[in-house]
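Q:
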Amino acid sequence: MTKASQAIDETPLRADAARNRERILAAADEVFSERGADASLEDVAKRAKVGIGTLYRRFPTRDALLGALCDERLLALAANSRTRDGVLDPATSFRAFMVELATHASHYQGLAVQFGTVLKSHTTGCNAGREEGKRLLQRAQKAEAVAKNVSFDDLLCVITAISLAVEQGGPVKSRVTRLVDLFLDGIRTR
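Take the sequence shown: its letters are residues 423 to 612, numbered as in this note's numbering.
Okay, here's the thing in structure tokens:
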């Protein structure tokens, strides 16, 4: 477990609590991969071999659990995005981040519905993903590649819509890319 994937509470966990947390996260990843993000939390606890009370002590809500599961991917996504600053222009960098974020929002069936809330769960990774999205949006707006009246909340709505559309079928990557391009064409400054 990395420090980044710990919950907001920075108090170090006892060894048994840390093991339970890791077992819950591993079980949740398996259960959500098999049955979707709205799978029973009781099934997650059972798979982790912990009581439901233990699960809720570590993750008081489904969003908190999903936020913790998304943490590492969002940290990597944000770090990868920053490496493109000197290589890609602001519009292309912004597009690449949107494609990656929409693809991530489709990681578990049903995650897209909750993704906006999950991004607000204040885990280290969720904060990094949200801040990177805001930074890239401002950078693209400053370069006059995106209209000034577009907000990060607008982007979350579109990411959610794209991810929901992708869940309906078709090859994920090509469909995400096509839908992101359609959206970006609509918000481009003229």
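Ideal Cβ positions, reconstructed from N, Cα and C, are used throughout, including at glycine.
Taking the straight line between their C-alpha atoms, what separation do you get for histidine 529 and tyrosine 478?
A: 23 angstroms
Q: For the segment 454-472 against the segment 509-520, do three or more pairs of beta-carbon atoms, one drawn from each stretch, fall closer than 8 angstroms, so that the two count as touching?
A: no
Q: Considering only the alpha carbon of each residue, which of Val472, Pro482 and Val466 lies closest to arginine 441?
A: Val472
Q: Can you give the Cα-Cα distance for alanine 500 and alanine 550, rounded to whole angstroms?
A: Cα to Cα, the separation comes out at about 6 angstroms.
Q: How many angstroms separate the CA atom of glutamine 560 from the CA atom of glutamate 452?
A: 37 angstroms
Q: If you scan the segment 435-469 from start to end, which runs of the alpha helix (DSSP H) of 4 or more residues do you find wholly inside it?
A: Here the runs fully enclosed are 437-457.
Q: Please state the DSSP three-state secondary structure of alanine 542.
A: Note that residue 542 corresponds to lysine in the displayed sequence, not to alanine. Note: lysine 542 maps to coil in three-state DSSP.
Q: Can you tell which of Leu586, Ile581 and Ser455 has its C-alpha closest to the C-alpha of leucine 606?
A: Ile581
Q: Between which residues of its own chain and isoleucine 474 is the CB-CB distance below 8 angstroms, once the five residues before and five after are set aside?
A: Leu463, Glu464 and Ala467
Q: Who are the near neighbours of leucine 488 in its chain, counting only those whose CB is closer than 7 angstroms to its CB and skipping five residues on each side?
A: Same-chain partners within the cutoff: Ala459, Leu533, Gln536 and Val540.
Q: Determine the burial state of histidine 544: buried for a count of at least 16 other Cβ atoms within 10 Å of its Cβ, exposed for fewer.
A: exposed
Q: Assign glutamate 522 to one of three DSSP states: helix, strand, or coil.
A: In this structure, glutamate 522 counts as helix in the three-state DSSP scheme.
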